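Residue numbers (this note's numbering): 24 to 538.
Below you can see the structure in the form of structure tokens.
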């Protein structure tokens with residue numbers, strides 16, 4: 024009986040994993056493109072603005088990003104779980120209700136967030152240099168909250184409907200190019216941080232308007248809501264809010280809280296210069312999350328479908344093979360931002376930000392640790408382990424607050440980096456441990472242990488060489504390429520690359536490399 028079941032589910036498991044990796048491959052290509060554009064824009068901003076002006080802009084943006092988690096109360100993430108399940112059940116009325124509830128919450132929470140933020144800055148910034156400029160920037164960027172919230176709803180809908188191509192262009196081409204245009208205008212006009220804030224706002228608004236039209240046409244052409252009437256719409260409010268509350272705590276702890284707490288304490292105890300030194304390292308460190316973010320968009324809908332079918336073995340295969348892919352594909356980024364953080368910082372930002380090199384290394388370590396454990400939080404959401412998620416997030420929030428208040432007042436930006444990194448590692452360890460309660464799920468998979476050992480050895484070896492031998496940036500870059508090639512050559516068997524991309528075998532050179 025057991026062997027028969029395994030044979031019957033194996034093809035479905037293989038197709039599910041293959042679909043996830045292939046679809047995510049397109050999104051990864053787009054993510055690489057957009058990351059390059061966004062990173063170029065960030066480097067240009069840092070070089071164009073003074074340290075104090077960049078600190079004011081980064082300070083304001085961090086506060087607005089902290090509020091972003093509350094813009095939909097986490098309901099935009101519910102879409103990628105509930106819409107695929109309702110599609111499997113052919114329940115169009117609940118799909119419409121899910122979307123309506125998410126969009127409605129954006130309008131309701133906008134007023135509350137706007138009033139709070141517009142009343143808060145004078146109290147928060149009264150002790151800071153250039154505080155009034157930061158207040159002005161916040162009052163402009165506050166309107167990004169509903170715009171970006173609606174953008175997240177659009178992306179979740181495209182992911183739920185299996186439209187990675189639309190996500191590719193909206194998230195990875197149109198949006199980044201519009202923001203880069205705003206940065207180039209900043210440089211040409213020799214304008215300041217306030218002009219940049221206005222440019223960011225206009226760019227986001229144009230992108231959302233364009234793809235609202237695209238989504239409306241897609242729904243109309245395929246009759247996705249055909250037969251749905253206002254009187255028949257069913258709003259699954261209880262299910263969505265039960266699912267969204269843990270998501271809200273996750274967004275707050277991992278995304279908003281850690282960044283906002285660090286920035287607020289740095290601004291209060293050390294001023295905007297320390298904010299700039301810390302924040303300039305954050306975008307480079309977050310590049311380590313590029314691959315993971317690309318794979319996550321399709322992971323949740325696919326995992327939700329497997330969960331709805333009670334295919335727990337398929338979920339295990341999806342989780343661990345996806346984790347192996349994102350760990351190996353992220354490794355080159357980690358090597359550059361962790362092992363080669365000092366030459367990278369000097370190259371990108373100049374001597375003004377030498378102190379940011381060690382901060383970049385620490386934040387990259389925390390980000391890559393998150394990547395190496397895979398989609399543990401997303402998987403807990405799919406299994407409905409909402410109480411576990413809340414407990415984990417509260418624990419992580421308390422740890423981050425304790426570490427931040429203990430380290431930042433005394434050690435400044437370096438203390439913020441240590442507090443953030445330790446909090447991220449602790450949060451992921453606890454989350455992984457919580458997966459032991461998921462039915463039929465393997466918390467650890469020793470099949471992929473060699474991948475982790477090889478990745479750890481390669482990154483630490485290059486770090487030690489950089490620390491003790493101090494080769495020039497060209498030799499260090501060449502060594503990084505060799506180590507990355509070695510890691511990929513060793514790990515390609517675990518990735519089963521040809522199974523996911525059989526077309527590679529049609530090209531002689533690629534067949535020789537990947538076979």
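Glycine included, C-beta positions come from ideal geometry on N, C-alpha and C. Predicted, not measured: the structure shown is a model, and the values here were computed from it.
Report yes if the C-beta distance between residue i and residue j is below 8 Å; otherwise report no.
{"i": "residue 388", "j": "residue 361", "result": "yes"}
{"i": "residue 499", "j": "residue 363", "result": "yes"}
{"i": "residue 78", "j": "residue 368", "result": "no"}
{"i": "residue 566", "j": "residue 120", "result": "Shown here, the chain extends from 24 to 538; a query on residue 566 therefore has no answer."}
{"i": "residue 201", "j": "residue 220", "result": "no"}
{"i": "residue 379", "j": "residue 310", "result": "no"}
{"i": "residue 161", "j": "residue 87", "result": "yes"}
{"i": "residue 301", "j": "residue 440", "result": "yes"}
{"i": "residue 326", "j": "residue 85", "result": "no"}
{"i": "residue 251", "j": "residue 116", "result": "yes"}
{"i": "residue 197", "j": "residue 233", "result": "yes"}
{"i": "residue 235", "j": "residue 58", "result": "no"}
{"i": "residue 199", "j": "residue 60", "result": "yes"}
{"i": "residue 308", "j": "residue 183", "result": "no"}
{"i": "residue 180", "j": "residue 238", "result": "yes"}
What first and last residue would you give for the alpha helix (DSSP H) that runs through residue i?
{"i": "residue 311", "result": "Careful: residue 311 lies outside any alpha helix (DSSP H) and carries neither H nor E."}
{"i": "residue 422", "result": "409–457"}
{"i": "residue 171", "result": "167–183"}
{"i": "residue 355", "result": "335–357"}
{"i": "residue 106", "result": "98–111"}
{"i": "residue 91", "result": "74–91"}
{"i": "residue 389", "result": "379–395"}
{"i": "residue 283", "result": "281–292"}
{"i": "residue 216", "result": "216–245"}
{"i": "residue 202", "result": "198–212"}
{"i": "residue 254", "result": "Run containing residue 254: none; DSSP gives neither H nor E here."}
Between residue i and residue j, what straight-line distance do the alpha-carbon atoms span, to the nearest angstrom?
{"i": "residue 444", "j": "residue 353", "result": "18 Å"}
{"i": "residue 52", "j": "residue 131", "result": "36 Å"}
{"i": "residue 177", "j": "residue 102", "result": "10 Å"}
{"i": "residue 511", "j": "residue 351", "result": "7 Å"}
{"i": "residue 107", "j": "residue 98", "result": "15 Å"}
{"i": "residue 285", "j": "residue 427", "result": "7 Å"}
{"i": "residue 332", "j": "residue 476", "result": "34 Å"}
{"i": "residue 125", "j": "residue 96", "result": "9 Å"}
{"i": "residue 73", "j": "residue 166", "result": "25 Å"}
{"i": "residue 152", "j": "residue 80", "result": "Per-residue confidence for residue 152 stands at a pLDDT of 45, beneath the threshold of 50, marking its modelled position as unreliable; the derived number appears in the next sentence. Their backbone Cα atoms lie some 13 Å apart in a straight line."}
{"i": "residue 415", "j": "residue 211", "result": "47 Å"}
{"i": "residue 281", "j": "residue 374", "result": "27 Å"}
{"i": "residue 433", "j": "residue 383", "result": "19 Å"}
{"i": "residue 170", "j": "residue 114", "result": "29 Å"}
{"i": "residue 55", "j": "residue 246", "result": "33 Å"}
{"i": "residue 156", "j": "residue 217", "result": "8 Å"}
{"i": "residue 450", "j": "residue 418", "result": "8 Å"}
{"i": "residue 404", "j": "residue 466", "result": "15 Å"}
{"i": "residue 514", "j": "residue 346", "result": "12 Å"}
{"i": "residue 507", "j": "residue 365", "result": "19 Å"}
{"i": "residue 134", "j": "residue 334", "result": "43 Å"}
{"i": "residue 435", "j": "residue 324", "result": "41 Å"}
{"i": "residue 496", "j": "residue 67", "result": "21 Å"}
{"i": "residue 446", "j": "residue 328", "result": "32 Å"}
Is it buried or exposed, residue i, if we count other Cβ atoms within 10 angstroms and call 16 or more buried?
{"i": "residue 470", "result": "exposed"}
{"i": "residue 207", "result": "exposed"}
{"i": "residue 195", "result": "buried"}
{"i": "residue 437", "result": "buried"}
{"i": "residue 213", "result": "exposed"}
{"i": "residue 254", "result": "exposed"}
{"i": "residue 412", "result": "buried"}
{"i": "residue 230", "result": "buried"}
{"i": "residue 290", "result": "buried"}
{"i": "residue 463", "result": "exposed"}
{"i": "residue 370", "result": "exposed"}
{"i": "residue 491", "result": "exposed"}
{"i": "residue 222", "result": "buried"}
{"i": "residue 306", "result": "buried"}
{"i": "residue 505", "result": "exposed"}
{"i": "residue 386", "result": "buried"}
{"i": "residue 76", "result": "buried"}
Just checking residue i against the ligand COA - is the residue's beta carbon closer than 7 Å to any of the ligand's heavy atoms?
{"i": "residue 425", "result": "Among the ligands in the structure shown, none appear at all, so the ligand COA cannot be discussed."}
Against chain D, does residue i count as a neighbour if the rule is that its beta carbon must be under 8 Å from one of theirs?
{"i": "residue 505", "result": "In the structure shown, chain D cannot be found, because there is only a single protein chain."}
Flag this pair as touching only if the segment 254–265 and the segment 395–406 have three or more C-beta atom pairs under 8 Å; answer yes or no.
-> no
Count the CB pairs spanning the segment 317–329 and the segment 454–470 that are closer than 8 Å, and state whether there are at least three.
-> Judged by Cβ distances under 8 Å, the segment 317–329 makes no contact with the segment 454–470, as fewer than three pairs qualify.
Are the segment 413–429 and the segment 478–485 touching, with three or more C-beta to C-beta distances below 8 Å?
-> Not touching, per the Cβ criterion.
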